[in-house]
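What follows is one structure encoded as structure tokens, with my remarks underneath.
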Amino acid sequence: MGCRVETVAMESTGVYWIPLFQILETPSFEVKLVNAHLVKTLPDRITDVLDCQ
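For the sequence shown, my numbering assigns the number 26 to the initial residue and increments by one for each residue that follows.
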């Protein structure tokens, strides 16, 4: 890929994550489904406020 993204982490929100997870789950990406409570403790994470700017 152009951006050299190798790992994608995503939260499970209802059933909306399933199609995207299946599309990204290829040899090109390491896809991780993470617990939202654990993600909140990561430094430098993107929030909805930061993401929309």
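Ideal Cβ placement from N, Cα and C applies to all residues, glycine included.
- Annotation for F54: no alpha helix (DSSP H) segment contains it, and DSSP assigns it neither H nor E.
- When DSSP reads this structure, E31 sits in no beta bridge, so it has no partner.
- For E31, the closest of N60, A61 and E50 by C-alpha to C-alpha distance is E50.
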